[in-house]
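Residue numbers (the numbering used here): -2 to 173.
Glycine residues also receive a C-beta, built at the ideal position from the N, C-alpha and C atoms.
Please read all numbers here as calculations on a predicted model, not as lab measurements.
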Amino acid sequence: MNKVVIIDTSIMCCWLNICGKETCGPDNDKWDKQRVELFIKSETDKGATLVLPFPVIIETGNHIAQAAERRYECGVEFVEVITKAVDEKSPWAAFSRQKKLWEGEQIKKLIAVWPEYVKSQKKRNLSMGDLMIKSVADFYAEIGSQVVILTGDRGLKIHKDVDIKVVKAPRRRNNE
């Protein structure tokens, strides 16, 4: 079974060492650039594929734009990551595999369930970005991948095992 590691915004920010976002996670489970790099190296050395969800691009780009320092350096480094994902450069999964998730009808299905998640959570709500990242995880699980959401975000960590089932993954064609 192919293992995929879905990179969350909090982890991407640490990995890029974005000013003000250099660490994430609770005190007993802190992530920083070094820990992220060690984890990713360990997983990719074992054959795991990295997945960059579309919402992470938007959220991370916003954090870079708002950073007090190193905006240019982080921006250049992030563009390199995005380019590798778009070009399916190992260890990154093809960004185009997520395309179906961002079509109009799929977005409508996704946003239709979000208010219920907000309503049902008293303390930690599942943000729209988190729900979208979770839908990427569900997509990869449905096509038979072992999925890890790499996150330091307590809110997403709480919800990482919630089964959204928004998108039915298309069957692989013989030419894929």
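Using a Cβ distance threshold of 8 Å, Thr46 and Ala90 count as a contacting pair. Cβ atoms of Gly149 and Glu56 stay farther apart than 8 Å, at about 13 Å. Under the DSSP definition of a beta bridge, Lys0 partners with Gln143. In terms of CA proximity to Asp42, Lys0 leads the group Lys0, Leu128, Phe75, Trp12. For Thr46, no alpha helix (DSSP H) segment is defined; the enclosing uninterrupted segment is the beta strand (DSSP E) at 46 to 48. Here Lys131 is buried. Its C-beta has 16 or more other C-beta atoms within 10 Å. The three-state secondary structure of Cys21, taken from DSSP, is strand. Counting along the chain, Ile15 sits inside no alpha helix (DSSP H), nor does DSSP assign it H or E at all. With a beta-carbon spacing of about 6 Å, Trp99 and Phe51 fall inside the 8 Å limit used to define contacts. Comparing alpha carbon positions, the residue from Val133, Gln103, Cys71 closest to Cys10 is Cys71.
If you draw a straight line from the Cα of Phe75 to the Cα of Val133, it comes to about 20 Å. Taken atom to atom, the span from the alpha-carbon of Ser7 to that of Leu13 is near 10 Å. The beta carbons of Ile4 and Leu49 sit about 6 Å from each other, so the pair counts as a contact at 8 Å.
Using a Cβ distance threshold of 8 Å, Met(-2) and Ser117 do not count as a contacting pair.
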